[in-house]
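Input: a single structure, listed below in structure tokens.
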Amino acid sequence: MMLEKLKAQFGDAIESAEEAGRELRVQVAPQSLVQVARAAKDEGFAYLADITAMDTNDALRVVYRLISFATGWHLVASALAPRAGGRLPSLTAVFRGAEWPEREVYDMFGVRFDGHPDMRRILLTDDWEGHPLLKTWQAK
Amino acid sequence: MGIAVPPDVKRPDSPEPEDSLTPLGRTAEVICRVPGGTILMTTVDKVLNWGRASSLWYLTYGLACCAIEMMCTAASRWDLDRFGLIYRGTPRQSDLMFVAGTVSKKMAPVLRRLYDQMADPKYVIAMGGCACEGGPFHDSYFTVQGVDQIVPVDVYIAGCPPRPEALIDGILKLQEKINRESVRGKK
Chain Y
543 MMLEKLKAQF GDAIESAEEA GRELRVQVAP QSLVQVARAA KDEGFAYLAD ITAMDTNDAL
603 RVVYRLISFA TGWHLVASAL APRAGGRLPS LTAVFRGAEW PEREVYDMFG VRFDGHPDMR
663 RILLTDDWEG HPLLKTWQAK
Chain W
209 MGIAVPPDVK RPDSPEPEDS LTPLGRTAEV ICRVPGGTIL MTTVDKVLNW GRASSLWYLT
269 YGLACCAIEM MCTAASRWDL DRFGLIYRGT PRQSDLMFVA GTVSKKMAPV LRRLYDQMAD
329 PKYVIAMGGC ACEGGPFHDS YFTVQGVDQI VPVDVYIAGC PPRPEALIDG ILKLQEKINR
389 ESVRGKK
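Chains Y and W, in that order, give the protein sequences. Take the first sequence: its position 37, counting from 1, is numbered 579 in my numbering, and each next residue is one higher. Take the second sequence: its position 1, counting from 1, is numbered 209 in my numbering, and each next residue is one higher.
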């Protein structure tokens, strides 16, 4: 029911959607990410469990995992960002807890988040060069 | 288990030249020039070393899983208190620092600063593989490859993590080392 609602509301912005077990997986167009997150939060997916990313060699897939405590369902939303100089809208306006995970994704993968209140590295030192979880990153 | 660094090994920060004695050490030098003074000083050394080795208050620098073993060693089953070791939450009251765990490069300046805040004489025990030489994070992009790159280490304890018995063995090695020291300069 949630999938139909999202598709009806956002149309082409939901690039792909599938259901597996008690998990909804959607790929969202970056420009609609914040609106989709807000709609999901209104539907009960009120807990942002994690934000991470993966390097698919063609692009970076940033993954958001939302949990609805009322139903036990998970919503796994993802958005693609270019590998070099990628930017995505920040979810901090919807989920305040997105602040640190987004900083971690920036630290490890180099994706910058527009609208983030404090877009700095979080784990590595500020003078660090490169983003170590990119597949092109070489240890010295 | 534990390996104590011999006193003649060069420490990274201070090779301790002859003229860098403490006020107590300078007094000792004067006393030693008096006939019979050296005999007196051996007793003074003994008393001081006994005091230093028997009341090693330690700064709990718990950084990873080794910290669990360190806490365990301090608790009632192994009871570090019987060796005179009491944990302190501040470097100003500490004589000994257990570096228990993985030191990241972001933590390194903090560790060095806390070491600098400790009052002399001060000792460092590197506990576990990570603190000794990077351990499983050997060649990692953000792990200090051994805490001896930042602070001088007195005793290395191998293990991942070392059992409390290993830690106690390292402490006994450190106490032996302290008992060989002299206020007239470490020898």
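Every residue gets a Cβ at the ideal spot worked out from N, C-alpha and C, and that includes glycine.
Review point. Which chain W residues sit within Cβ distance under 7 Å of Thr667 (chain Y)?
Key: Lys313 and Lys314
Point to revise | Rounded separation between Ser574 (chain Y) and Gly672 (chain Y) - CA only | key: 29 Å
Review point. Helix, strand or coil: which one does DSSP assign to Gly336 (chain W)?
Key: helix
Practice item. Could you tell me which residues DSSP pairs with His616 (chain Y) in its beta bridges? Key: Y:Glu565 and Y:Ile609
Review point. Helix, strand or coil: which one does DSSP assign to Phe552 (chain Y)?
Key: helix
Review point. With 8 Å set as the bound, which would you pick, yes or no: does the beta-carbon of Gly652 (chain Y) sit closer than that to a beta-carbon of chain W?
Key: no
Practice item. Spell out whether any CB of chain W is found under 8 Å from the CB atom of Ala681 (chain Y). Key: yes
**Study point:** Cys368 (chain W) burial status per 10 Å Cβ neighbour count (16 or more: buried)
**Key:** exposed
Check your understanding: Between which two residues does the beta strand (DSSP E) containing Ile593 (chain Y) stretch?
Key -> Tyr589 to Asp597
Exercise for review: Name, going along the chain, the residues of the region 312 to 342 of chain W whose beta-carbon falls closer than 7 Å to a beta-carbon of chain Y.
Suggested key: Lys313 and Lys314
Review point. Going by alpha carbons, who is nearest to Thr310 (chain W) out of W:Val355, W:Leu322 and W:Trp258?
Key: W:Val355
Review point. Buried or exposed: where does Leu652 (chain Y) fall if 16 or more other Cβ atoms within 10 Å of its Cβ makes it buried?
Key: Here the sequence assigns Gly to residue 652 (chain Y), which means Leu is not the residue at that position. It counts as buried.
**Study point:** As assigned by DSSP and simplified to three states, the class of Pro689 (chain Y)
**Key:** For residue 689 (chain Y) there is no data in the structure shown, the boundaries of chain Y being 543 and 682.
Exercise for review: Drop a sphere of 10 angstroms on the beta-carbon of Phe637 (chain Y), count the other beta-carbons inside from all chains shown, and report buried for 16 or more, exposed for fewer.
Suggested key: buried
Check your understanding: CA-CA distance, Met249 (chain W) and Cys240 (chain W)?
Key -> 7 Å
Practice item. Give the secondary structure of Gly343 (chain W) by DSSP, where H, G and I count as helix, E and B as strand, and everything else as coil. Key: helix
Check your understanding: From what residue to what residue does the alpha helix (DSSP H) around Thr246 (chain W) run?
Key -> Gly245 to Ser262
Review point. Is Leu665 (chain Y) closer than 8 Å to Leu710 (chain Y) when the C-beta atoms are compared?
Key: Any property of residue 710 (chain Y) remains undetermined from this structure, which presents chain Y solely from 543 to 682.
Review point. Between which two residues does the alpha helix (DSSP H) carrying Phe306 (chain W) extend?
Key: First-last for Phe306 (chain W): Leu304 to Ala308, but that is the beta strand (DSSP E), not the alpha helix (DSSP H).
Review point. If we ignore side chains and look at the alpha-carbon of each, how far apart do Glu224 (chain W) and Asp287 (chain W) end up?
Key: Legend: pLDDT at Glu224 (chain W) = 49, less than 50; position of this residue unreliable, no value from coordinates given.
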